[in-house]
Amino acid sequence: MADDMGWECVSAYRDLITQYNYPKSGSNIKDHYFTPHIDKLAANGMRFDHGFSQPICTPSRVQIMTGIYNQRNYVRFGLLDPKAKTFGHIMKSAGYKTCVVGKWQLEGGAGSPNHFGFDEHCLWQLTRRPARYPNPGLEVNGKEIDYPGKYGPDIVSDYLCDFIERNKDRPFFGYYPMMLPHWPFEPTPDSKDWDSTSKGAESGKLAQKNPKYFREMVSYVDKIVGKIVAKLKEQKLSEKTMIIFTGDNGTAVSVTSVMNGRTIKGGKGSTLDTGNHVPFIVSWPGTIKSGVSSKAIVNFSDIFPTIAEIANTTIDHQIDGISFLSHLKGGKAKRQFSYCWYARNGGPNGKEFAHTGKWKLYSNGKFYNVYKDVTEKNPIKIDNLNDKVRSIRLKLQKELDRMKGTRTIFDLSKYPKADIN
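The sequence shown maps to residues 6 to 426 in this note's numbering.
Structural data, given as structure tokens:
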């Protein structure tokens, strides 16, 4: 799961942009990104054109790990409720060896990954905040370790590859919430001006949000994906392993991208399509037909029940996710709508909407054709709808009505104060 990387950063989606009314770039540059390894995952599996996260990191992490809409279980930014049951728990109980590497951002102390069902971890930002990129400080299975001269994403992805090799003869589950390409935007080891002695932008030496290096960081995401796929192939595990590649939310607002000659400004933190429309690619050679582009709707809550079904384990509590395993195998998609409740810092009230990918209805009644009005400037009046679209709007309203009154209110005085950006 890439960090702050919308679908427009993956070249496999190049054709999709023509469905939207993004403006032409006005330059000779047609594309900012080339992601051959991620593209190959799509070519060997299924590319979902309507994959949706939450608009920002912690809400997405809570939803993907629990299979539950934020409306029901989101406490506040930077925290996963200690009582939550995660996909780490269900996979571990099903006999899988479990591992999480990358960026944590969910508090809970050094024992938190184990508490949430992970046997092993190699993480940044668990209990401390050193640099994440050059000369990183990480926490590996409860121990604080600094890595002079190294690059954080290399360390954690190498750990995951080692985990795969050590567990090649047994079922395993790896969750990799990446650090990349979240700001601070700075050189990677493949950049011309990479400096292995740098203390990193988090030391205050560099401008954190200058997107100068963002494209190179996206390329490094792709490189790491290629490394993990190669490790699976080396261990003869390709046909035994399902890979899901996605992003935790839209691209940072300081980044403006060009894809297929169109310009897209990042929308992280907003409820626009650019805030939570993310790449969503699933590869499983021998099980999923190659080269399929699906118009089915999937959101982060659906991953939990999908992997539970693969593990042949039951879910004994209420979730909102819907398994898409049968769709991966050629069946009809089960989800008709995606629902989002979003409040960065928790509390009783959030922005709510339900949508089909093309049509989007907010709880305040504003209704949009996202394809024609991607920046949501011109809400459509009910009087201007034909019977078909009126029917779609009614179904979206029923979905919003179904979720009324389900917000769980948490007593924040019982939780530690947030200290994570």
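The beta carbon of each residue, even a glycine, is placed where N, CA and C say it ideally should be.
{"Query": "Helix, strand or coil for Phe53, going by three-state DSSP, please let me know.", "Result": "strand"}
{"Query": "Specify, as a first and last residue, the run of the alpha helix (DSSP H) that Ala48 falls within.", "Result": "Pro41 to Ala48"}
{"Query": "Considering only DSSP beta bridges, list what Cys5 is partnered with.", "Result": "In the structure displayed, the chain extends from 6 to 426; residue 5 sits before or after that span and is not available."}
{"Query": "Specify, as a first and last residue, the run of the beta strand (DSSP E) that Glu381 falls within.", "Result": "No beta strand (DSSP E) contains Glu381, which DSSP labels as neither H nor E."}
{"Query": "On the DSSP bridge assignment, give the partners of Ile150 in chain order.", "Result": "Leu143"}
{"Query": "Does the beta-carbon distance from Val379 to Tyr25 come in below 7 Å?", "Result": "yes"}
{"Query": "Looking only at DSSP bridge pairs, what is His282 linked to?", "Result": "Phe57"}
{"Query": "Taking the beta carbon of Asn426 as the centre, do at least 16 other beta carbons fall within 10 Å, making it buried, or is it exposed?", "Result": "Bear in mind that the predicted position of Asn426 carries a pLDDT of just 45, short of 50, making it unreliable; the figure below should be weighed with that in mind. With fewer than 16 Cβ atoms within 10 Å of its Cβ, Asn426 is classed as exposed."}
{"Query": "Pull up the distance between the alpha-carbon of Ile169 and that of Leu237, whole angstroms please.", "Result": "7 Å"}
{"Query": "Does at least one heavy atom of the ligand ZN sit under 6 Å from the Cβ of Asp20?", "Result": "Within the structure as shown, the ligand ZN is missing, as the structure has no ligands at all."}
{"Query": "If we ignore side chains and look at the alpha-carbon of each, how far apart do Tyr101 and Glu13 end up?", "Result": "34 Å"}
{"Query": "Applying the 10 Å Cβ sphere with the 16-neighbour rule, what's the burial state of Pro353?", "Result": "exposed"}
{"Query": "Do Pro290 and Asn49 count as a contact pair if the criterion is CB distance below 7 Å?", "Result": "yes"}
{"Query": "Sort His120, Val105 and Ala7 by Cα distance to Asp86 and report the nearest one.", "Result": "His120"}
{"Query": "Which same chain residues, not among the five before or five after Ile414, have their C-beta less than 7 Å away from its C-beta?", "Result": "Pro353"}
{"Query": "Sort Cys345, Asn265 and Met6 by Cα distance to Asn33 and report the nearest one.", "Result": "Asn265"}
{"Query": "Does the region 55 to 62 come close enough to the region 342 to 359 to have 3 or more Cβ pairs within less than 8 Å?", "Result": "yes"}
{"Query": "As a quick exercise: from Tyr152, Asp325 and Thr103, pick the residue whose alpha carbon is nearest that of Gly179.", "Result": "Thr103"}
{"Query": "Per DSSP, what kind of secondary structure is Asn369 in: helix, strand or coil?", "Result": "coil"}
{"Query": "Give every residue of the same chain whose Cβ lies closer than 6 Å to the Cβ of Ser201, excluding the five residues on either side of it in the sequence, and list them in chain order.", "Result": "Gly154"}
{"Query": "Since Thr63 and Gln110 should fall inside the 8 Å C-beta cutoff, what is the C-beta to C-beta distance between them, to a whole number of angstroms?", "Result": "6 Å"}
{"Query": "Along the chain, where does the alpha helix (DSSP H) containing His332 start, and where does it finish?", "Result": "Leu330 to Leu333"}
{"Query": "Quick check on the burial criterion: 16 or more other C-beta atoms within 10 angstroms. Buried or exposed for His322?", "Result": "exposed"}
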